[in-house]
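**Q**
Number of protein chains: 2
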Amino acid sequence: MPNRSLALSEMTCADCPIRHRAVCARCESDELEKLDAIKYYRRFEAGQTIAWAGDKMDFVASVVEGVASLTQTMEDGRRQMVGLLLPSDFLGRPNRESVSYDVTAATDVMLCCFRRVPFQGLIEETPHLSQRLLEMTLDELDAAREWMLLLGRKTAREKIASFLSIIARRDASLKNSKNATELAFDLPLTREAMADYLGLTLETVSRQMSALKRDGVIELKGKRHIIVPDVEALMDETGDDADGGVYI
Amino acid sequence: MPNRSLALSEMTCADCPIRHRAVCARCESDELEKLDAIKYYRRFEAGQTIAWAGDKMDFVASVVEGVASLTQTMEDGRRQMVGLLLPSDFLGRPNRESVSYDVTAATDVMLCCFRRVPFQGLIEETPHLSQRLLEMTLDELDAAREWMLLLGRKTAREKIASFLSIIARRDASLKNSKNATELAFDLPLTREAMADYLGLTLETVSRQMSALKRDGVIELKGKRHIIVPDVEALMDETGDDADGGVYI
DNA sequence: GACTGTATTTGATCGAGATCAAATGTCGAA
DNA sequence: TTCGACATTTGATCTCGATCAAATACAGTC
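Going line by line, the protein sequences match chains A and B. For the first sequence, position 72 (counting from the first letter as 1) is numbered 72 according to my numbering, and the numbering increases by one without interruption. For the second sequence, position 209 (counting from the first letter as 1) is numbered 209 according to my numbering, and the numbering increases by one without interruption.
Below, the structure is given as structure tokens:
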């Protein structure tokens, strides 16, 4: 399982407004300068499409702020989210000019973009960069595989609980908060986007959220703010092993 | 979408019994020699477990022959396959000593193993190697995302048709066969393993196979040998776009 | 060739989640 | 404050795939 807190090797880009997981953790200052030379920032509003599947994309990017989603759509409109990008996550594929998925800003998003072609050149000449990208991609693959278990075998209730604990965990690691028993966070997704994430309908998402509230596993302040009074109780609902699949 | 026929940059290892996709396509002979120095072959019989989730694994490997699966199991026994490794696919994660999934030989399997620690050293000093692994991992991530759409949104019939077309396609690319309208191949998985792949029960798999046979989409010779009289007709059952998601 | 264990098929029934429909909450603009 | 556009919740019903159960096919092995 990816260990996000370990993977977070943060550093400050020269003119980056906030600290984020740098694309390359071990770059020397001259490599950082080269990255700086090909980078720029772009902001997207919640709901805005960053790229459609099939579009040419002339940059790759690191998410600085906000949440973006990768979604696949079938001809008849059925939709499945296949990627959820939080701050420090990487967007785009080097050596491929067209995107394979719809990329959408779930909340307001700030991207740190790198022009794709020179970025590819940098990968060629900077060994650490491809090693770093390999690590990040392997983490993403692990996450995708956990997601596959969720989609293929979990009940609706387990799916919701798993989603909440994933968001809570990643939110906590971003905020570097200690693992208190109580946890509070904002949902970055609508019920519909949650349904697309979980392979459910939005009605089922809503019903199961209500059920978890009724059973005291979560509290809702407004529609989007979640309080988890007892993290253990939430974990028990996910269907996952108690140790979270971490082997010693 | 990963283009396997393009990705197949085959070369012959010094003493490799068959040609397989080399781990590094652009290695010069001295790097190949270093790979040769840390490699050995292992054979597993169908049904044998190659590694249990949590086991330490002191090698990474390339599948030379046969089919292996990665599977996750929940405490109550629900199982989901999360990876299917065919010849030329890579097994194991550099820089991680324990496996995260149960690895099982679906058929008799021959692995070309590389001792993990020296292999990691080789990654450090051979830029092309990590670039090659990055490409392969990104292909695998794309495959995982297509798989997620299947698990989350497709009907049982679409899942079966998709699985058959995936196996047919990969089988054809391995055999380098021209894209004839008719196609024949052997299923490398039992009905139960197919169910674990597709997030279904084995009864549903069996029923849908029978339905596809009844409707003339496939023919069965024995339990495992499949004939697809009209590839287009099978594709129409998958729910995927006609162009297979390839953007021009 | 009969026997045994396993893989697969087929049948009958059930239930979780989808679907269709309507009510309620919410927030910004006029 | 009221209106309108959404997001969300709740209700009633239906359906696909799961579950439980049994029959059949098949590959070894004695």
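All C-beta atoms, glycine included, are put in the ideal place defined by N, C-alpha and C.
So which residues on chain B does arginine 116(A) lean against when the C-beta distance must stay under 7 Å?
**A** Neighbours of arginine 116(A) on chain B: none; closest Cβ ~14 Å, over 7 Å.
**Q** Can you grab the Cα-Cα spacing for the pair lysine 159(A) / glutamate 75(B), in whole Å?
**A** For lysine 159(A) and glutamate 75(B), the distance between alpha carbons rounds to 16 Å.
**Q** Check whether the Cβ of serine 5(B) lies closer than 9 Å to any Cβ atom in chain A.
**A** With a pLDDT of only 30 at serine 5(B), under 50, the local geometry of the prediction cannot be trusted, and the value read off the model is given with reservation. Not one chain A Cβ lies under 9 Å of serine 5(B).
**Q** In angstroms with no decimal places, state the Cα-to-Cα distance between threonine 107(A) and lysine 34(B).
**A** The alpha-carbon atoms of threonine 107(A) and lysine 34(B) are separated by roughly 49 Å.
**Q** What's the gap between the Cα of leucine 6(A) and the Cα of glutamate 135(A)?
**A** Only weak support is given to the placement of leucine 6(A): the predicted model assigns it a pLDDT of 26, under 50, and the question is left unresolved by the model.
**Q** Hey, methionine 110(B) and alanine 193(B): beta-carbon distance below 9 Å or not?
**A** Contact: no.
**Q** Secondary structure at proline 229(A), three-state DSSP: helix, strand or coil?
**A** In this structure, proline 229(A) counts as coil in the three-state DSSP scheme.
**Q** Isoleucine 38(B) lies in the beta strand (DSSP E); which residues open and close that run?
**A** No beta strand (DSSP E) contains isoleucine 38(B), which DSSP labels as neither H nor E.
**Q** Please report the distance separating the alpha-carbon of lysine 154(B) from that of arginine 79(A).
**A** Spanning the two alpha carbons is a distance of roughly 10 Å.
**Q** Can you tell me where the alpha helix (DSSP H) with arginine 145(B) in it begins and where it stops?
**A** Where arginine 145(B) is concerned, the enclosing alpha helix (DSSP H) stretches over 127–153.
**Q** Taking all protein chains shown into account, decide if aspartate 241(A) is buried (16 or more other Cβ within 10 angstroms of its Cβ) or exposed.
**A** The residue in question, aspartate 241(A), is exposed, as its Cβ has fewer than 16 Cβ neighbours within 10 Å.
**Q** Closest to threonine 137(B) by CA distance: which of Asp186(B), Glu97(B), Ile166(B), Gly83(B) is it?
**A** The residue with the shortest Cα to Cα distance from threonine 137(B) is Gly83(B).
**Q** Taking three-plus beta-carbon pairs below 8 Å as touching, is the region 202–210 of chain B in contact with the region 83–103 of chain B?
**A** Segments in contact, no.
**Q** Out of curiosity, what's the CA-to-CA distance linking leucine 86(A) and alanine 184(A)?
**A** When rounded, the distance between both Cα atoms is 17 Å.
**Q** Checking the sheet assignment: what are the DSSP bridge partners for methionine 110(A)?
**A** Methionine 110(A) is bridged to Arg43(A), Glu65(A).
**Q** Closer than 8 Å by beta-carbon distance: list the chain A residues that pair up with arginine 153(B), in chain order.
**A** Within chain A, the residues near arginine 153(B) are Met74, Arg78, Arg79, Gln80, Gly199.
**Q** Report the CB separation of leucine 70(B) from valine 103(B) in whole angstroms; it is logged as a contact under 8 Å.
**A** Between valine 103(B) and leucine 70(B) the Cβ distance is about 6 Å, and since that is below 8 Å, they are a contact.
**Q** Measuring only the C-alpha atoms, how far is aspartate 89(A) from glutamine 72(A)?
**A** Spanning the two alpha carbons is a distance of roughly 19 Å.
**Q** Give the secondary structure of isoleucine 50(B) by DSSP, where H, G and I count as helix, E and B as strand, and everything else as coil.
**A** Strand at isoleucine 50(B).
**Q** Measuring only between beta-carbons, confirm whether methionine 1(A) sits less than 9 Å from chain B.
**A** Note that methionine 1(A) has pLDDT 38, beneath the 50 cutoff, so the model's placement of it is unreliable and no number is given.
**Q** Can you give the beta carbon distance from alanine 156(A) to leucine 200(A), rounded, assuming they're within the 8 Å contact cut?
**A** Indeed, because the Cβ distance is near 6 Å, the residues count as touching under 8 Å.
**Q** Excluding the five sequence neighbours on either side, which residues of its own chain have a C-beta within less than 7 Å of the C-beta of glycine 66(A), listed in chain order?
**A** Only Ala105, Thr107, Asp108, Val109, Met110 meet the Cβ criterion.
**Q** In or out: alanine 195(A) buried (at least 16 other Cβ within 10 Å) or exposed?
**A** Buried, by the Cβ-count rule.
**Q** Please check if any C-beta of chain B sits within less than 9 Å of the C-beta of serine 100(A).
**A** Judged by the 9 Å Cβ criterion, serine 100(A) is in contact with chain B.
**Q** Could you please give the first and the last residue of the uninterrupted beta strand (DSSP E) stretch that includes methionine 81(A)?
**A** Element bounds for methionine 81(A): 79–85.
**Q** From isoleucine 38(B) to proline 118(B), what does the alpha carbon distance come to, in whole angstroms?
**A** So the alpha carbons of these two residues sit roughly 7 Å apart.
**Q** Please state the DSSP three-state secondary structure of lysine 159(A).
**A** Here lysine 159(A) sits in helix by DSSP.
**Q** Taking the beta strand (DSSP E) that threonine 201(A) falls in, what are its first and last residues?
**A** It is not in any beta strand (DSSP E) - threonine 201(A) carries neither H nor E in the DSSP assignment.
**Q** Between glutamate 124(A) and chain B, is any beta-carbon pair separated by less than 9 Å?
**A** Chain B, which has a Cβ nearer than 9 Å to the Cβ of glutamate 124(A), makes this yes.
**Q** For arginine 116(A), is the classification buried or exposed, using 16 other Cβ atoms within 10 angstroms of its Cβ as the cut-off for buried?
**A** Classification for arginine 116(A): buried.
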